[in-house]
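Okay, so here's the structure we're looking at.
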Amino acid sequence: MRESRTRRTRNTAPRDAAGQGQPTPYTTQGAPTTSRAQYGYAKHLPRAEKLPLSGYQLLASKLSPSHVGPSTIQPVYRRFETMNHRILLHLQDELAEMEEQLHRLDTADTQTRRLQSCILPASRRSDYLAGGELQWHKTDILGKIGFKLEQYNHVLSSFEKTQNMSTPSKAEVEEYRTFLETQKPITELETRFLDFNDDLVAIGRPRSSPLGIPQKDGHAPSLKEKEVEKTSQSLAPTITRPATEPSIPSLAAGLAIAVLLPILAFPTIPSFFGRAVVICLVAIGF
Numbered sequence: 028m029r030e031s032r033t034r035r036t037r038n039t040a041p042r043d044a045a046g047q048g049q050p051t052p053y054t055t056q057g058a059p060t061t062s063r064a065q066y067g068y069a070k071h072l073p074r075a076e077k078l079p080l081s082g083y084q085l086l087a088s089k090l091s092p093s094h095v096g097p098s099t100i101q102p103v104y105r106r107f108e109t110m111n112h113r114i115l116l117h118l119q120d121e122l123a124e125m126e127e128q129l130h131r132l133d134t135a136d137t138q139t140r141r142l143q144s145c146i147l148p149a150s151r152r153s154d155y156l157a158g159g160e161l162q163w164h165k166t167d168i169l170g171k172i173g174f175k176l177e178q179y180n181h182v183l184s185s186f187e188k189t190q191n192m193s194t195p196s197k198a199e200v201e202e203y204r205t206f207l208e209t210q211k212p213i214t215e216l217e218t219r220f221l222d223f224n225d226d227l228v229a230i231g232r233p234r235s236s237p238l239g240i241p242q243k244d245g246h247a248p249s250l251k252e253k254e255v256e257k258t259s260q261s262l263a264p265t266i267t268r269p270a271t272e273p274s275i276p277s278l279a280a281g282l283a284i285a286v287l288l289p290i291l292a293f294p295t296i297p298s299f300f301g302r303a304v305v306i307c308l309v310a311i312g313f
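Number 44 in this note's numbering belongs to position 17 of the sequence shown; there are no gaps in the numbering.
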């Protein structure tokens, strides 16, 4: 009886107008529809290519050789010489400190291999297999030294390249400053890098001459360029035309003809006068 009552209560669940059961909370019936307007989407966004250039985009296009319009500006940047020295000094001292740590570890390693009469040879492979705190410290400090050396060498080589770069002329700096003051693409605070005249470098780009020969810009050449030019001029060999001297094979061939030709011609010329004429002709031709 109880089972039949429970079955009846289950079958008497409320139904909707269509004769179906009520939708469960997990169904999507009756879900509210959403539109783009509810999320604040703009109907028409301005296209970027229709807007005029401004800010750093305008300045970068003016510095680029592919700029369409008036003449471009010579790219000028700061070398940051003092900051490069500061970074190099910092990395150099860190490496010196690590070098001292490695030296102390090497001294301790030597003490472990020291006997009364000799010092046993070192073996990195044996130390690695044996392990130990000393080997762990050596591996750790060597890894740090390698990473720091890579940074140091990179900064050192890049700084050397900037030292050999050309310096801009006063006219190029003034042209750059005039453009920034008139067009005002960036704020005045961010244009003060041009005030460091002794710390500026010019990025040279080749220009095409009327004959199609690439030429450099008119800014002052670097010291390295001057030294290379002087060295090339001093090592340039003087072009001298060699004197026309007969070679040895031609002399040998001429002597052979001078000797053999009269001998071969004598049997066909019986008279003495004719033979004398042949000898004279051979001598004149030689």
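For glycine and all other residues, C-beta sits at the position ideal for the given N, C-alpha and C.
Just so we're clear, the structure is a prediction, and the values are computed from it rather than from any experiment.
In the DSSP assignment, Tyr104 forms a beta bridge with Val228. The criterion of a C-beta distance shorter than 8 Å is not satisfied by Ala198 and Val103.
With contacts defined by Cβ atoms closer than 8 Å, Leu90 and Ile100 form a contacting pair.
Take the alpha-carbon of Gln190 and the one of Leu183: they are about 11 Å apart.
Out of Glu127, Gln128, Pro148, the CA that lies nearest to the CA of Thr137 is found in Pro148. In this chain, Ile296 is not harboured by any alpha helix (DSSP H), its DSSP state being neither H nor E.
Shown here for Leu176: same chain residues with a beta carbon closer than 8 Å to its own, the five before and five after excluded, namely Leu122 in chain order. Under the 10 Å beta carbon count, Lys77 is surrounded by fewer than 16 other beta carbons and is classified as exposed. Counting C-beta pairs with one atom in each stretch, the region 140–147 and the region 203–216 have fewer than three that are closer than 8 Å, which means they do not touch. Listed in chain order, the alpha helix (DSSP H) runs fully inside the region 116–188 are 151–157, counting runs of at least 4 residues. DSSP places Thr194 within a strand segment (E or B) once states are collapsed to three. In the three-state reduction of the DSSP assignment, Ile213 falls in the coil class.
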